[in-house]
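Enquirer: Letter 291 of the sequence shown, counting from 1, is numbered 290 in numbering that gives the first Met the number 0, and no numbers are missing. Below is one structure. I have some questions about it.
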Amino acid sequence: MIEVSPTPSVPATAGGLGDPLVSTLFHSEQGGHEQVVLCQDQASGLKAVIALHSTALGPALGGTRFHAYADAADSEQAAVLDALNLARGMSYKNALAGLDHGGGKAVIIGDPEQIKTEALLRAYGRFVASLGGRYVTACDVGTYVQDMDVVAQECRWTTGRSPANGGAGDSSVLTAFGVFQGMRASAQRLWGAPTLHGRTVGVAGVGKVGHHLVEHLLEDGARVVITDVREESVRRVLAAHPEVGVAAGTEELVRAEELDVYAPCALGGALDAETVSALTAKAVCGAANNQLAHPGVEKDLAERGILYAPDYVVNSGGVIQVADELHGFDFARAKAKAAKIFDTTVEIFDRAEADGVPPVVAADRLAEQRMGR
Numbered sequence: 000m001i002e003v004s005p006t007p008s009v010p011a012t013a014g015g016l017g018d019p020l021v022s023t024l025f026h027s028e029q030g031g032h033e034q035v036v037l038c039q040d041q042a043s044g045l046k047a048v049i050a051l052h053s054t055a056l057g058p059a060l061g062g063t064r065f066h067a068y069a070d071a072a073d074s075e076q077a078a079v080l081d082a083l084n085l086a087r088g089m090s091y092k093n094a095l096a097g098l099d100h101g102g103g104k105a106v107i108i109g110d111p112e113q114i115k116t117e118a119l120l121r122a123y124g125r126f127v128a129s130l131g132g133r134y135v136t137a138c139d140v141g142t143y144v145q146d147m148d149v150v151a152q153e154c155r156w157t158t159g160r161s162p163a164n165g166g167a168g169d170s171s172v173l174t175a176f177g178v179f180q181g182m183r184a185s186a187q188r189l190w191g192a193p194t195l196h197g198r199t200v201g202v203a204g205v206g207k208v209g210h211h212l213v214e215h216l217l218e219d220g221a222r223v224v225i226t227d228v229r230e231e232s233v234r235r236v237l238a239a240h241p242e243v244g245v246a247a248g249t250e251e252l253v254r255a256e257e258l259d260v261y262a263p264c265a266l267g268g269a270l271d272a273e274t275v276s277a278l279t280a281k282a283v284c285g286a287a288n289n290q291l292a293h294p295g296v297e298k299d300l301a302e303r304g305i306l307y308a309p310d311y312v313v314n315s316g317g318v319i320q321v322a323d324e325l326h327g328f329d330f331a332r333a334k335a336k337a338a339k340i341f342d343t344t345v346e347i348f349d350r351a352e353a354d355g356v357p358p359v360v361a362a363d364r365l366a367e368q369r370m371g372r
């Protein structure tokens, strides 16, 4: 069901809702979604998209992204497509994480540093509440624990709240832990031992998740090189760990000599044909969602002998954390579940080898088996 809220009388061609989008919803690989809701609150300036891909395993669970899409020719169209892709990824992620949840995602359109207000977040919370529990929201790029506390004032189907408000706090902690488990599994597959000790890891994006990942890597004895478009994020890491190397940008990082593992931890689309052809790393394992920029990239990686740990497998620690919050959060219990990402990643590598397919294909098959697709 496609809903346009709160003005269902708007023509289908308005605001970027032309034939290409309808075709995407119903006829493309990005489609197959149960419900897409467009939300607008003129008083607060809210424009948002909520996409529910599947509720086959339970209520859809996924974060709220707050992003401007300033580089896109049509920001609203770009936001809808992003929400669709992210929601589909959440269905597969939640299935492989062993959660009784389907996949959903929301996008609030705009620069959070410019338009984020309490009124806007509360308006968004009311739209989530209107879904009656079919969608459970949490933090994502551009939203934080304090934002979820505000959303929760209007909607009880909100996770990622602060401990003071009955929540689990920052989900990036276990997201980074899970990525590290996936990286350990990659190391075991490539070098025979589940450790990054003595290896060089390049981390692109050291924001909410990336800087925690750096901590795990350094504790494991890895050499770390970082890059980030935000200078303050780089400075924060260097202030704590001056031994960390810095690359001028992502292009320099992927071409760095003696790079063993590349970890994309910013926005999606990090792996395209050009990037893959330039990669010096022997493995890719990072926190970013939707890392493969287009179909076929997974084959390019395999042909170059680069081991790819599927993003939606290894970055599921955060959703494991927020899902646990719905049952009364226990950090030790959630961390134990996130530790199993190591085993799941190993299983995917084994199945990929046995079936003669890239790891992402093996991961899809396992997820679809659980979803009954």
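Note that beta-carbon positions come from the ideal geometry of N, C-alpha and C, so glycine has one too. These figures come from a predicted structure and were not determined experimentally.
Following the continuous alpha helix (DSSP H) through Leu-216, name the residue where it begins and the one where it ends.
Expert: Start and end: 209-218.
Enquirer: In terms of residue numbering, what span does the alpha helix (DSSP H) encompassing Lys-336 cover?
Expert: Where Lys-336 is concerned, the enclosing alpha helix (DSSP H) stretches over 330-338.
Enquirer: Classify Lys-104 as helix, strand or coil using the three-state DSSP reduction.
Expert: If DSSP states are grouped into helix, strand and coil, Lys-104 belongs with the strands.
Enquirer: Can you tell me whether Arg-303 is buried or exposed? The criterion is at least 16 other CB atoms within 10 Å of its CB, across all chains shown.
Expert: With fewer than 16 other Cβ atoms within 10 Å, it is exposed.
Enquirer: Who are Leu-278's beta bridge partners in DSSP?
Expert: BP columns for Leu-278 are empty, so no partner.
Enquirer: Going by beta-carbon coordinates alone, are Ala-282 and Ser-185 separated by less than 8 Å?
Expert: Against a cut-off of 8 Å, the Cβ pair of Ser-185 and Ala-282 comes out as a contact.
Enquirer: Give me the Cα-Cα distance between Asp-139 and Ala-351, rounded to the nearest whole angstrom.
Expert: Approximately 30 Å between the Cα atoms of the pair.
Enquirer: For Gly-204 and Leu-365, what's the separation of their Cα atoms in angstroms?
Expert: Going by the C-alpha atoms only, they are around 29 Å apart.
Enquirer: Looking at the secondary structure, which residues open and close the beta strand (DSSP E) in which Gln-39 lies?
Expert: Looking at the DSSP string, the run of the beta strand (DSSP E) that includes Gln-39 is 34-40.
Enquirer: Are the Cβ atoms of Asn-314 and Ala-292 separated by less than 8 Å?
Expert: No, Cβ-Cβ distance for Asn-314 and Ala-292 is not below 8 Å.
Enquirer: Candidates Arg-155, Tyr-91 and Cys-264: which alpha carbon is nearest Met-182's?
Expert: Comparing Cα positions, the closest option is Cys-264.
Enquirer: Applying the 10 Å Cβ sphere with the 16-neighbour rule, what's the burial state of Glu-117?
Expert: Exposed, because fewer than 16 other Cβ atoms sit within 10 Å of the Cβ of Glu-117.
Enquirer: Which same chain residues, not among the five before or five after Cys-284, have their C-beta less than 7 Å away from its C-beta?
Expert: Counting only Cβ-Cβ distances below 7 Å, and skipping sequence neighbours, we find Val-178, Gly-181, Met-182, Ser-185, Val-260, Ala-262, Ala-308 and Val-313.
Enquirer: Does DSSP classify Arg-364 as helix, strand or coil?
Expert: Looking at Arg-364 - three-state DSSP - the assignment turns out to be helix.
Enquirer: Under 8 Å, with one C-beta from each stretch per pair, do the region 332-352 and the region 111-130 reach the 3-pair mark?
Expert: As far as the Cβ criterion goes, the region 332-352 does not touch the region 111-130, which means the pair count is below three.
Enquirer: From which residue to which residue does the beta strand (DSSP E) around Val-200 run?
Expert: Taken as a continuous stretch (DSSP letters only), the beta strand (DSSP E) holding Val-200 covers 199-203.
Enquirer: Taking the alpha-carbon positions, what's the His-215 to Ala-175 distance?
Expert: Approximately 8 Å, taken between the alpha carbons.
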